[in-house]
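For reference, the structure is listed below as structure tokens.
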Amino acid sequence: MTRTFESALAHERTVGDPSSPFGGGSTRSAYLKPDGEPDFAALQGSAEFKALRSRLRRFVFPMTAVFILWYMAYVLFAAYAHTFMSKKVFGEINVGLIFGLLQFVSTILITVLYVRYARNKIDPAVDEVRELAGVPKQ
Amino acid sequence: MTTRILAADATGSPTLNLSVFLVFVAITLYIVYRASSSNRTAADYYAAGSSFTGVQNGVALSGDFLSAASFLGISGLISVYGYDGFLYSIGWIVAWLLGLLLVGERLRNTGRFTIGDVMAYRTRQRPVRAAAATATLVISFFYMLAQMSGAGSLVALLLNISSKTGQAFAIVGVGVVMLLYVLMGGMKGTTWVQIIKAGLLLTCVTMITVFLIGKFGFSLSNLFSSAAQHSSLGDKVLAPGAEYGATDWTKLDFVSLALSLVLGICSLPHVLMRFYTVPDAKEARRSVVSATWVMVVFYLCTLAIGFGAMALVGPDVIKHAPGGQNSAAPLLAFRIGGPVLLGIVSAVAFATILAVVAGLTLAASASFAHDVYANVIKRGHSDPRQEVRVARLTAIVVGLLAIVGGIAANGQNVAFLVSLALALAASANLPTLLYSLFWKRFNTSGTLWSIYGGLTSCVILIIFSPTVSGSSTAMLTNVDFHWFPLGNPGIVSIPLSFLFGFLGTVLSRRPDDESVEKQPEMEVRSLTGIGSQAGV
Numbered sequence: 007m008t009r010t011f012e013s014a015l016a017h018e019r020t021v022g023d024p025s026s027p028f029g030g031g032s033t034r035s036a037y038l039k040p041d042g043e044p045d046f047a048a049l050q051g052s053a054e055f056k057a058l059r060s061r062l063r064r065f066v067f068p069m070t071a072v073f074i075l076w077y078m079a080y081v082l083f084a085a086y087a088h089t090f091m092s093k094k095v096f097g098e099i100n101v102g103l104i105f106g107l108l109q110f111v112s113t114i115l116i117t118v119l120y121v122r123y124a125r126n127k128i129d130p131a132v133d134e135v136r137e138l139a140g141v142p143k144q
Numbered sequence: 018m019t020t021r022i023l024a025a026d027a028t029g030s031p032t033l034n035l036s037v038f039l040v041f042v043a044i045t046l047y048i049v050y051r052a053s054s055s056n057r058t059a060a061d062y063y064a065a066g067s068s069f070t071g072v073q074n075g076v077a078l079s080g081d082f083l084s085a086a087s088f089l090g091i092s093g094l095i096s097v098y099g100y101d102g103f104l105y106s107i108g109w110i111v112a113w114l115l116g117l118l119l120v121g122e123r124l125r126n127t128g129r130f131t132i133g134d135v136m137a138y139r140t141r142q143r144p145v146r147a148a149a150a151t152a153t154l155v156i157s158f159f160y161m162l163a164q165m166s167g168a169g170s171l172v173a174l175l176l177n178i179s180s181k182t183g184q185a186f187a188i189v190g191v192g193v194v195m196l197l198y199v200l201m202g203g204m205k206g207t208t209w210v211q212i213i214k215a216g217l218l219l220t221c222v223t224m225i226t227v228f229l230i231g232k233f234g235f236s237l238s239n240l241f242s243s244a245a246q247h248s249s250l251g252d253k254v255l256a257p258g259a260e261y262g263a264t265d266w267t268k269l270d271f272v273s274l275a276l277s278l279v280l281g282i283c284s285l286p287h288v289l290m291r292f293y294t295v296p297d298a299k300e301a302r303r304s305v306v307s308a309t310w311v312m313v314v315f316y317l318c319t320l321a322i323g324f325g326a327m328a329l330v331g332p333d334v335i336k337h338a339p340g341g342q343n344s345a346a347p348l349l350a351f352r353i354g355g356p357v358l359l360g361i362v363s364a365v366a367f368a369t370i371l372a373v374v375a376g377l378t379l380a381a382s383a384s385f386a387h388d389v390y391a392n393v394i395k396r397g398h399s400d401p402r403q404e405v406r407v408a409r410l411t412a413i414v415v416g417l418l419a420i421v422g423g424i425a426a427n428g429q430n431v432a433f434l435v436s437l438a439l440a441l442a443a444s445a446n447l448p449t450l451l452y453s454l455f456w457k458r459f460n461t462s463g464t465l466w467s468i469y470g471g472l473t474s475c476v477i478l479i480i481f482s483p484t485v486s487g488s489s490t491a492m493l494t495n496v497d498f499h500w501f502p503l504g505n506p507g508i509v510s511i512p513l514s515f516l517f518g519f520l521g522t523v524l525s526r527r528p529d530d531e532s533v534e535k536q537p538e539m540e541v542r543s544l545t546g547i548g549s550q551a552g553v
């Protein structure tokens with residue numbers, strides 16, 4: 007709550023004093039242009055943004071590779087390994103059905119993992135960058 | 018002979034089917050009318066003023082995907098071919114991860130109304146907007162044909178209308194009601210229709226599934242063995258290969274189809290546009306999560322419904338029923354719940370077509386009005402009220418095209434048309450979106466190459482595929498000009514369009530000024546939402 011208030015204050019300061027965007031003791035104003043608009047190039051270069059970007063990419067790119075490879079593995083088995091897929095495990099339930107249901111399970115698992123990761127690692131990092139720009143948190 | 022009689026009986030009472038459907042239309046039209054009272058600005062018409070919550074939008078998103086093709090189509094495929102139909106469900110579940118991990122939140126942060134907003138963010142406006150709109154219109158049109166031709170066969174089954182003229186009248190009726198939703202309700206009305214429909218559909222399939230599982234002694238194994246006994250394919254229906262296992266080409270075709278399924282969904286313009294109806298990226302994430310839950314439940318139920326229909330109705334009866342495979346779910350409903358349940362399931366299936374076609378019309382009209390009219394013709398200086406007027410006019414034109422196209426395509430293979438639209442979407446939109454969100458060097462030339470390259474290569478491969486000519490199930494049976502061996506072009510055209518986007522970028526002499534200037538803004542905005550329009 008107080009952080010939002012502070013950043014609102016920072017925003018006001020820069021808008022109120024357009025003549026000294028880099029001075030005036032407020033480091034936050036470095037990320038705002040004289041007209042009070044966010045300076046995107048400066049934000050992009052900030053350590054906070056770089057941290058956010060690498061956190062996001064470190065999770066979503068490998069995870070995308072994992073789910074696509076896992077899905078393609080399933081598809082290739084379904085297309086080319088009929089004997090393996092029709093092997094019965096118990097009752098009428100065969101490998102193919104279990105493999106297929108595992109795709110449901112992995113989708114749910116990745117969804118849950120991502121939501122947790124986003125809440126704990128990405129959203130706070132987003133809020134930090136938003137604070138630099140004097141924009142209220144989402 | 019007995020099969021014939023059973024199939025005819027299974028239509029239940031056309032009057033009852035029609036009245037349940039009309040009640041649905043009346044209720045939804047009233048809700049759309051109420052929702053539309055605040056429908057004034059462009060943001061209201063295109064994005065419902067970004068006022069929906071993540072969960073509401075998630076249900077609507079799944080509604081967009083629980084189309085006639087996936088409800089009637091998948092349960093039908095499972096009831097006849099068994100396991101091979103299940104493969105569709107899996108592709109359509111896994112596909113949401115793409116929307117969750119890469120596209121949804123970034124799209125919400127960056128764009129406002131259309132996918133052109135994202136693609137043209139850091140490129141020259143006019144050529145890219147025109148390209149994005151072309152892709153949206155082509156993809157939506159093919160997808161719409163699939164839905165409308167599905168309406169024809171559904172009418173055949175439910176109202177027992179077998180003449181083409183009678184079915185044409187029914188398609189006109191569907192088109193007119195759909196236009197009413199779009200014109201009166203805009204995105205808000207259409208979203209409410211999707212939410213109501215998805216709720217009804219989910220309730221229906223869950224009830225049927227619980228009943229089925231109970232009937233087979235709470236054992237999936239019993240359900241499967243009983244299903245296999247009723248199929249002439251026997252145990253084969255429980256493993257992959259009953260439909261696609263014939264030759265090496267059909268196997269590769271299956272892999273290609275699977276690729277289009279998983280990459281196509283979160284590239285469809287009407288699905289992407291849904292992300293703009295929520296206030297921010299967190300809600301966009303919540304939408305995908307809720308949509309995933311709904312879809313997981315739904316597709317597990319279709320598995321039971323498909324095999325249940327195989328066991329209780331039998332593949333032969335289904336194949337000979339008016340409407341063919343697509344009639345599996347309604348026939349099963351009749352078998353277990355009599356004419357009343359059939360009436361409800363049919364009404365829901367109809368509602369599905371209505372709602373999905375409304376969403377498509379909205380996406381197409383938004384893209385034309387916002388990308389072509391406001392940004393290409395008026396160069397970004399249009400009056401917003403005029404823009405909405407253009408969007409409404411476009412919706413009418415698109416609606417008329419859908420009606421005419423639907424009548425022409427009546428009787429065509431629905432699954433083929435859907436997989437075609439998915440391959441087109443995955444080829445034209447996905448590489449472009451991913452590159453522009455994540456690749457710094459990407460520029461105007463790369464964007465145009467990947468959109469047009471993906472679209473063109475995909476269309477060319479389809480034209481020269483066995484689905485158009487040269488096979489027994491082709492659209493044109495008296496000529497043969499095919500040279501591409503696969504029915505689905507995805508496995509070639511999707512990598513090709515990634516390659517086009519890459520080559521178009523690296524071969525252009527320098528990054529264009531727009532791209533250099535706007536890249537920081539786009540990247541920061543896409544990850545943090547700074548500068549994006551919040552909900553009203």
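From first to last, the protein sequence lines are chains E and F.
Using the working numbering, you'd call the opening residue of the first sequence number 7 and step up by one each time.
Using the working numbering, you'd call the opening residue of the second sequence number 18 and step up by one each time.
Ideal Cβ placement from N, Cα and C applies to all residues, glycine included.
Note that the coordinates shown come from a computational prediction; the quantities given were computed from them, not determined experimentally.
Backbone CA spacing between residue i and residue j [nearest angstrom]
i: Cys475 (chain F); j: Pro506 (chain F); result: 6 Å
i: Gly325 (chain F); j: Tyr98 (chain F); result: 13 Å
i: Leu278 (chain F); j: Ala112 (chain F); result: 7 Å
i: Pro40 (chain E); j: Arg542 (chain F); result: 19 Å
i: Gly422 (chain F); j: Glu43 (chain E); result: 48 Å
i: Leu358 (chain F); j: Phe351 (chain F); result: 6 Å
i: Asn74 (chain F); j: Ile212 (chain F); result: 8 Å
i: Ala48 (chain E); j: Ala36 (chain E); result: 8 Å
i: Ala256 (chain F); j: Ala131 (chain E); result: 47 Å
i: Gly102 (chain E); j: Met91 (chain E); result: 4 Å
i: Ser482 (chain F); j: Pro142 (chain E); result: 54 Å
i: Phe28 (chain E); j: Arg526 (chain F); result: A caution first: Phe28 (chain E) carries a pLDDT of 46, below 50, which makes its placement in the model too unreliable to give a value.
i: Ser13 (chain E); j: Leu58 (chain E); result: For Ser13 (chain E), the predicted structure reports a pLDDT of 45, less than 50, and the residue's modelled location is therefore unreliable. A value from the coordinates is still provided. Taking the straight line joining both Cα atoms gives about 19 Å.
Beta-carbon contacts of residue i that lie in its chain and below 6 Å, excluding the five residues immediately before and after
i: Ala368 (chain F); result: Phe41 and Lys214
i: Val199 (chain F); result: Ala375, Thr378, Leu379 and Ala412
i: Lys94 (chain E); result: Asn100
i: Val496 (chain F); result: Ser486
i: Ala328 (chain F); result: Ser243, Ala244 and His247
i: Gly470 (chain F); result: Ser514 and Phe517
Cβ shell of residue i (< 7 Å), same chain only, five flanking positions each side left out
i: Leu437 (chain F); result: Phe159 and Ile479
i: Phe69 (chain F); result: Thr208, Thr294 and Val295
i: Leu219 (chain F); result: Val311, Val314 and Phe315
i: Asp45 (chain E); result: Tyr37, Leu38 and Lys39
Closer than 7 Å to chain F by CB, residue i
i: Ala85 (chain E); result: yes
i: Ser60 (chain E); result: no
i: Phe73 (chain E); result: yes
i: Pro130 (chain E); result: no
i: Pro40 (chain E); result: no
Within-7 Å CB hit, residue i to chain E
i: Lys232 (chain F); result: no
i: Phe103 (chain F); result: yes
i: Val541 (chain F); result: yes
i: Pro512 (chain F); result: no
i: Pro537 (chain F); result: yes
Chain F residues whose Cβ lies nearer than 8 Å to that of residue i
i: Asn100 (chain E); result: Leu255 and Ala256
i: Val95 (chain E); result: Neighbours of Val95 (chain E) on chain F: none; closest Cβ ~10 Å, over 8 Å.
Beta-carbon neighbours of residue i, restricted to chain E and to distances below 8 Å
i: Ala442 (chain F); result: None at all; the shortest Cβ gap to chain E is about 17 Å.
i: Ile110 (chain F); result: Gln109, Phe110 and Thr113
i: Ser242 (chain F); result: Gly97 and Glu98
Closer than 9 Å at the beta carbon, the chain E residues around residue i
i: Val155 (chain F); result: In chain order: nothing, as chain E lies at least about 26 Å away.
i: Asp297 (chain F); result: Gln144
Proximal chain F residues relative to residue i, where beta-carbon distance stays under 7 Å
i: Ile104 (chain E); result: Correct list: empty, because the minimum Cβ distance to chain F is about 11 Å.
i: Val81 (chain E); result: Val272 and Ala275
Start-to-end residues for the beta strand (DSSP E) that takes in residue i
i: Phe96 (chain E); result: Lys94 to Phe96
The alpha helix (DSSP H) enclosing residue i, as first and last residue numbers
i: Gln77 (chain F); result: The question names Gln, yet the displayed sequence has Ala at residue 77 (chain F). Segment Gly71 to Phe82, the alpha helix (DSSP H) holding Ala77 (chain F).
i: Arg409 (chain F); result: Pro401 to Ala426
i: Thr140 (chain F); result: Thr140 (chain F) -> no alpha helix (DSSP H), and no H or E assigned at all.
i: Ala391 (chain F); result: First-last for Ala391 (chain F): undefined, no H or E at that position.
i: Glu531 (chain F); result: Asp530 to Thr545
i: Thr226 (chain F); result: Gly203 to Lys232
Contact list for residue i against chain C, beta-carbon separation under 8 Å
i: Arg136 (chain E); result: In the structure shown, chain C cannot be found, because the protein chains are E and F.
Residue i: contacting residues in chain E (beta-carbon distance under 7 Å)
i: Lys268 (chain F); result: Ala85 and Tyr86
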